[in-house]
Structures are given as structure tokens and as C-alpha cells.
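The structure appears right after this line, and notes come after that.
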């Protein structure tokens, strides 16, 4: 027993001696300029295997021997630093690292939404926009900031001629009928709301995740890429900083003559010819009493002997001198003006950080009465407890957005309508019914049936208002050095409402009330729709709860090994509901409406047809549940050999009832090799060189697809046969429905030459879209409208290149960035092989998939020119010129001409920035190459219906010997002839172009102004025009339907 006691006592004494020989050193590593903590800094005791890395808050803790030593701090983009520790050094260190201006500018810490990583420790494909690049462009839309500065990201506008939202694609499109837009992540959690709710002035950085290693951690929502947005936050130990940003952005007035149209004189000449053939007689004598153009009304009056030939000619001459587009420019269009105001407050103490901001956007649209505004509030706070082992965070983001428009339809005028006389007084314009009919019912008790467009401006406001709320909470607890527990919660809510009030003074309301009016047996006029306004309203409400818990480990063991790991679970519940309804006889002063009888079919006053009062009421709802488990691993050996892996399992209520369909495993693996760390690299000009390769699977969901039977209930008012509610639009169940999967291979090379003067990345990727979803129409005998199937596959390959340079010559500095992206995408499998007719009838942006072709393509019929005797268009049938249009439209696919993709296959930008003594000049040149478009031309079906059409009509063939490719006017409706010409190769052009996208000029004061740390005055011009284009046609290949309006912004940014 005595021996045991002595042994125990000896162990205690030895332990005490060892304890006295070690010490705990902790500290924080910060950036010199901004004082922000730096995560991922290597902290090593020189000459030993002891070391660690700083956490997300720049903090580190290290057990070291008691004797003196040297701590080495190294971090990409910063100069290494050594700190001497004498035997008495203890407690907390604050280490400041100085930015290496000649180091790798592009290699900043990137965020995946799950963790922040130093680029040299990753194998995935990332593109990051820092705060300086985010602030460069002036716009109210956050995603505008990504355009032309991110390799592989393409923004497509003006797809169909409608006012549609831009399409954003990262490395092509890997889905067919599902959503092709990337996943948006804000502050570590997926965001479900509208991007218009995000104030760009609140954003600190954005990171685009492109390959499986970067994005597969997001699982079944990452198939189209991921955009991670990080908002501004306070920093520990930083003083109060107040920032103010104010700018005004003017846009040029829209050109109503942007789309070329045939002259009014030519249109009137055509109407005279058609009138002479009796074409309009059916309309003149129709019981439907359709409106007629002023010229046709005048011609009919002359034929009826109501006016003389001289009076007729004077009227036609007068009409030919008018163009309604001139009135549209004067009364309907205006220069736009967007104003932004943003105020931010940031700072922090040792255990508390804060960031508060507010923003106000006020935007006048390019059309009179168009207006929208956005008000944002945000707060982000963190508290450090338990000697900084526990951190709690809470954030609130709230947005109120409003819009209003009260403009009548501008697409329903005749070409030579006059909206006002010489004095500016509003004029009556024909609409819906003929003026003869309206005159015949004047003073009969009906409401005035005249349409006066200028009186309609501002009369029927269409308003929308929405609120968007995000509540975020975060918990970080350090279980032990390097091992942390993280918890996240997000509540999101979006409530939107819209209203469209058409008062009784509006033409639409007056017309509807008149048409549902009738005389009773005693001759009294009965209004079956009560006199008053018509109010259409809609509401939608959506919310979601997201919970995520994860364990993270980041540390070193031994001299050469570094490991970071992450594992966790996430659950999400998302619900939404919506409704629309209409009120008749609405009185805006008291907010009351009057009932109507929907089940009765009334005789229309104007036409005599039977019809029910329009019923506008609908209800909808969605419920989606997701559950996920995930892990991520990163390992490096000797800080030059890298291995990464990730896996995620997603479950959802959307997909097949079979377990293997409800669950989808997605994963990635990657390797990296920092070649420049090898001893055999003897070239001093190679500062950094890294090869990386990744392979894995991402996924894609479609919230509209489900494995179960779905249908839509219709109200009794929608059933004209029996007047009872019914269920329609049924889709068949599919228990085998699977998630879409995207298989991705990525090879990358990161480089830095000549001490950081040249740097960038070169990447090759290959993507395969598998089990892609689509709708398959079913035979009516099945009882179903359609079925959702996994019915297609795609393959995409491409290259992304970024080349950056920075050179300094005294006070002068030049920074250049060149981006190049190439993408080749193909449909590799499609269950329903389309016919040539289906291919040629596809609409831009919704093409029918064709095997071995891109998703978006241009086909055409072979063009054989014009018949020199008649001007008729000709094609080829079995190699011979032919005018057999029915047969030409049925030629097999292999005889069609395939031109190529309708989306750019090569695109990028060149940005140059010149800095000198506070002045900065930057300009961006963008280019799009390798794609085709089908130009517009004269549609003779429209012309021979008496409608104004394309200006190519003026260049048509009229006589033998005319040198033109525009066919002659057939003088009658010939649909096959017309369709053949409009889909022929004669109208296909290359879309390649280079444009000066923007220019930015700024001056930053040097801080000499009292109490102002920085102040910047800036000017920004956008959409400055085309430098070069392949086509000789007088058009912009990227804006064929809607004009790209030039803008000029002036702004002031101050920091106190």
C-alpha cells in the first residue's frame, strides 16, 4: 500500500511539473485595413508540429511549451507574420496581418452557406464578388451585380418579347421543364422569397457555387448552381461606423418606333385594296358589330354616299400623315428615374457586434403612372458568452414593396389613331365595336360607350403591395478547440396583395355594364351588372420554417495534417396559399360592392350572344416538407495535397411513394494538388499553381411535380353545360417519380504568376442531367389530362477562363479582368421524338426537345430564293426549287437546316480599371458569340387582315427584276406560304456581338475632411451600345423586342 501511495504521489508531482511547463495561448487574427477577423489562418509553432487554424471569427487557441518560441501566421492574400513568444508570454494575442497587394487577388475566403473556406483548401469551383465589385454597378436588383463579372453565368433577356424576368443560367441548363434558376442562399440559409426584397446595399459579398464539390452540400436544390449572398455584419472590437449611400439613376425615354413597322400610307393603301375586294363587307354587316379602322369607316361612308370622293381623299391623306406611335411617345412614355437611399450602422465591442441598416428606393418607370418603391430594415447582432465559447446571433430583415400602374392598353390602337388634337385635347378612339353601332345607341340610357385613351390614364390603378420578413437565429458553441456545434433557424414570411380597380368611368367597366344591360317588357333599361366599379383583388401568403444543426471540426494534427469536417441535419416546412376574387358595383368611398347572378346567361346588348357574367374567384394552396442529412470533409497533407468529400440525403413529400424515390443520395469527391509547393517547381515566376478535380451529383426539384393525382376544382360559374362545380386538369399518379439528378465532373487550374501580377482560373466541366421531368399528354380515354414523368436526359460540357492582372506604377494602377466561357449543351435522350412540324412551331424559350441538339436551338426550312416572275418564296423538295408549301412544311427533320444554339455558346467580358490619386475609371466590354436568331419580317397573314406589320413590307418584291429577298404580297391569306417564309433560312442570322456595357468614374477623397473617413463621388453609365455585331440588319441581336435603355447614375457614398 505504501508503494502504491508513493507511485500515486509521484504521478501527481510529474503532472504538476508538466503543467508548469505548458501554457495556453489564445488570440485573434485581423485584417490590417478593415479590422475584420480572418478565418482559416494557419497558426504554427515554428520548428514543431504544434499548430491550429483560426475559426470563423478569426480566433485560435493553442497549448504550447513554456519555453520561448516563435508563432508563425500565414494566410493566402496576406503577408506572413511571426510573433516572438518569450517565457512570460501568456493570455490573448491580437495579430494584425497586412494584405499582400501582389498576392492572389481572386483568392478570398468563400462561403458555401454551410462553412467559410480558404480557397487554397478547396477543390470545388467558386466565383466570388467582394464588396467592391458588388458596389460597382448601380441597380436596385441584386442579381444585376453578377452579370458580366462571373465566368459561366449568363443572363438572357428579351426572350419572347414579353416583359418577362431575365433568365439566369450557371454553366448552361440541365433541366427541361423544371425551374432552371439557381438556388439563392442568404446568410447560410436558402431563401424562398422574391429577390426584389433584397437591398443590394446590404450585401457584402456574393459567391457562385458551380460544381458538385461546391454545391452538392445543398443537395436536391443545387442542380442549377447556387448563389450565396452574405450580408454586412458588425466586427468585434471595431469602432462605430456609419455609412450613407445616395444615388439617382436616369433612364432614357423609350423609343416607340424601336420595332420597324410598315408605313401608314402603305397600310391605308392595303386597306383600300382589301375594301375593293369586299373583304370588309362581312365585318361591316356582322351582327358582332366589330370596330373598323378610320380608313375603312371612311371608305364605307363614301360607298354609302355619305361623303364625296374629294372628302374621302382628304381624310385618307390626313390619316396617312398620322402615326399613333408619336402620340404614345408624347403621352405614354417618359424618362425613368430610380432613386436609392441607404443608411448603415456597424460596430462592435469585445463580446458584442451589431449592424443596422435601412434603405428606401423610389422608382418612376419609363411609362407614365408606373411607379414602385421598396423600404428595407435590417438588424444583425451577435453576443459572445462563456469566455467566447458560446455565440448567439439574431437577425431581422423586413421589406415593404409597393407598385402602381394606371395605364390603358397601348397595344390596341390602329396605326393612325390620333389620341389628341392640335391643342392637346383628348380624342375618341374606336375600340371593340364600330362607331356606327355606338352612335345608334347613344342617348338610349346606356352608359357612354366612347373610348378616350388619354382620359383613361391614371383612371384604373393596378396596385400591389408586399411584405417580406426573415427572422434568423444562430448558435455557435465551442465544444473543444476546433470542434463547434452550430444551430440555425429561419422563419420566412411573404404576404402580398394586389388590386385592380376599374371605376365606372373606365371604358372596360362601362362596356361590361352596357353589354349586360337589357330592356324589360315595359321598356325600362335593366343593368344586370350594377353601376359602379369593378374591383379585382388577389392575396397570397407563404411562410417557411427551417431548422439546421451541424457539428464542425477544423484543426491540425501532427506537422502535416489538416482536417475540417461538417455533419448535420436540416428540416424545412413550407406552406403557401392564395386567392383571387372580383367585386361588382364597387364603391371606393365606402368599400362596398353589390351582388350579381353568375348562374344566369344573359343576352349581350351589342351582339345578341348569350353569356354569363364573368366569374373571377380562385383558391390555391401548397404544402412542402423536406428533410436532409449531410456531411462534408476536407483533408490536406503538407498543405499541398487535398481531398474533399460530401454527401447529402434529401427526402420530400413531392416524389414517389416508393422509399427509393422519396429519398435521393447526392455526393461529391474531389482532389487538389498545389503544384507550386513542390520542390521541383524551380520557376520563380510561378507564385501559385494548383490543380483540382471533382466528381459528384447535384439534384433539382420541381415543386409543381408530384407523385400523386392532382386536379383543379372549378366553380359552378365556370361550367356552362350544367352549372355545377367540377374537377378538371387531372394529372395521373406516378409512384416511380424520381428527383432530377445532375452528374458533374470539374477540372480546374488556379494560377498566380509574377508575384500576383497575373492570376486567375481555367476550368473544364461536364454535366449530365438525368431523370429530367416533363409533362406527357395522355389520351382522354384514360381520364387524365397528363402525367409527370422522368423522360429525358441532357449533356453539357464547357470551359470557364478568368485572367486578371494588376500593375502599379507609382500613384497609377491598372487592373484588368478578362472572362471567357464556352458551353455546349445537348439533349441526349427524350422519350417523345418530335416531328419536323413540332420543331418548327416551337416558340423561343419553350422549344420542343430534339435529341443531340441544344435545349434552345434554331432550325429553318431550306431557302431557294424568290420566283423571279412572281416574287413567291421557294424552298427545296428533294433538291429542286418548289412552291409546294404544304409539302415544304412537312419535310423530315434531316432535311431541315440546323443552324445552332439560340443562346450564346461563348460569352464573357473584359473589364479595365485605372486608378490615380483617388480617381478611378472603369469600363466593361461584354461579348456574346456562337448563337443564332430568327429575325422578324413581314407577316402577310396580318397584312391581308388589314393590320400594320413589319417594315420589310416596303422592300417586298413588286416587279420582275427587283433585287430583294422579301416575297411579294399574295393579296390573300395563304397561311402555308406565309409560315414557310417566316421559318425559312432567309431570316436566320448570327447573333454574335460585342458591346460597351458600362463605364464607371469615381473620385474618393483622401480622408482629409473632418469626421469623414471616406467619401466617394461616382457616376455610372449602362447599356451604352454595340461596338460590333455579325448581322448587317439594323437591330440589336440581344434586344430584338424590347429596347435596351441607356441609363446614367450619379451617387455619393460616405463613411463616418
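Numbering (UniProt numbering), first residue to last: 1 to 1056. Just so you know, even glycine gets a beta-carbon here, dropped at the ideal spot from N, CA and C.
Check this for me: beta carbons of residue i and residue j, under 8 Å apart or not?
{"i": "residue 253", "j": "residue 334", "result": "yes"}
{"i": "residue 213", "j": "residue 225", "result": "no"}
{"i": "residue 634", "j": "residue 564", "result": "yes"}
{"i": "residue 650", "j": "residue 626", "result": "yes"}
{"i": "residue 741", "j": "residue 697", "result": "yes"}
{"i": "residue 561", "j": "residue 491", "result": "no"}
{"i": "residue 593", "j": "residue 535", "result": "yes"}
{"i": "residue 244", "j": "residue 343", "result": "yes"}
{"i": "residue 381", "j": "residue 362", "result": "no"}
So for residue i, helix, strand or coil by DSSP?
{"i": "residue 331", "result": "helix"}
{"i": "residue 885", "result": "helix"}
{"i": "residue 449", "result": "coil"}
{"i": "residue 102", "result": "In this prediction, residue 102 scores a pLDDT of 46, lower than 50, which makes its location untrustworthy; no coordinate-derived value is stated."}
{"i": "residue 373", "result": "strand"}
{"i": "residue 1031", "result": "coil"}
{"i": "residue 1037", "result": "coil"}
{"i": "residue 131", "result": "helix"}
{"i": "residue 965", "result": "coil"}
{"i": "residue 171", "result": "coil"}
{"i": "residue 322", "result": "coil"}
{"i": "residue 549", "result": "strand"}
{"i": "residue 438", "result": "helix"}
{"i": "residue 368", "result": "coil"}
{"i": "residue 142", "result": "helix"}
{"i": "residue 37", "result": "strand"}
{"i": "residue 341", "result": "strand"}
{"i": "residue 281", "result": "helix"}
{"i": "residue 270", "result": "helix"}
{"i": "residue 310", "result": "helix"}
{"i": "residue 838", "result": "helix"}
Measure the C-alpha to C-alpha separation of residue i and residue j and round it to an integer number of angstroms.
{"i": "residue 826", "j": "residue 750", "result": "28 Å"}
{"i": "residue 743", "j": "residue 699", "result": "9 Å"}
{"i": "residue 871", "j": "residue 140", "result": "51 Å"}
{"i": "residue 973", "j": "residue 176", "result": "36 Å"}
{"i": "residue 1030", "j": "residue 960", "result": "31 Å"}
{"i": "residue 20", "j": "residue 74", "result": "Note that residue 20 scores 45 on pLDDT, short of 50, meaning its location in the model is unreliable and no value can be drawn from it."}
{"i": "residue 166", "j": "residue 157", "result": "5 Å"}
{"i": "residue 754", "j": "residue 832", "result": "55 Å"}
{"i": "residue 670", "j": "residue 693", "result": "5 Å"}
{"i": "residue 485", "j": "residue 127", "result": "28 Å"}
{"i": "residue 96", "j": "residue 31", "result": "6 Å"}
{"i": "residue 153", "j": "residue 457", "result": "40 Å"}
{"i": "residue 466", "j": "residue 589", "result": "23 Å"}
{"i": "residue 865", "j": "residue 957", "result": "11 Å"}
{"i": "residue 10", "j": "residue 68", "result": "Here residue 10 scores only 48 on pLDDT, less than 50, and its place in the model should not be relied on; the value that follows carries that caveat. Cα to Cα, residue 10 sits roughly 27 Å from residue 68."}
{"i": "residue 818", "j": "residue 132", "result": "17 Å"}
{"i": "residue 24", "j": "residue 195", "result": "47 Å"}
{"i": "residue 814", "j": "residue 912", "result": "7 Å"}
{"i": "residue 498", "j": "residue 426", "result": "30 Å"}
{"i": "residue 853", "j": "residue 881", "result": "27 Å"}
Can you determine whether any heavy atom of the ligand COA sits closer than 7 Å to the C-beta of residue i, and answer yes or no?
{"i": "residue 28", "result": "Looking for the ligand COA in the displayed structure turns up nothing, as the structure carries no ligands at all."}
Contact defined as beta carbons within less than 8 Å: I believe residue i pairs with residue j. What is the distance between those atoms, to the nearest angstrom?
{"i": "residue 429", "j": "residue 451", "result": "5 Å"}
{"i": "residue 772", "j": "residue 802", "result": "With a Cβ gap of about 30 Å, residue 772 and residue 802 do not count as contacting."}
{"i": "residue 981", "j": "residue 970", "result": "That belief does not hold up - the Cβ atoms of residue 981 and residue 970 are roughly 10 Å apart, past 8 Å."}
{"i": "residue 858", "j": "residue 934", "result": "6 Å"}
{"i": "residue 368", "j": "residue 413", "result": "Wrong, their Cβ atoms sit about 16 Å apart, outside the cutoff."}
{"i": "residue 312", "j": "residue 302", "result": "4 Å"}
{"i": "residue 138", "j": "residue 1020", "result": "4 Å"}
Should residue i be flagged as near chain B, meaning a C-beta pair shorter than 8 Å?
{"i": "residue 835", "result": "Looking for chain B here will not work: only one protein chain is present."}
* beta strand (DSSP E) runs wholly inside the segment 518-544, at least 3 long, in chain order -> 525-527
* Runs of beta strand (DSSP E) wholly within the segment 941-991 (minimum 3 residues, chain order) -> 988-990
* Runs of beta strand (DSSP E) lying entirely within the segment 554-593, each at least 3 residues, in chain order -> 561-587
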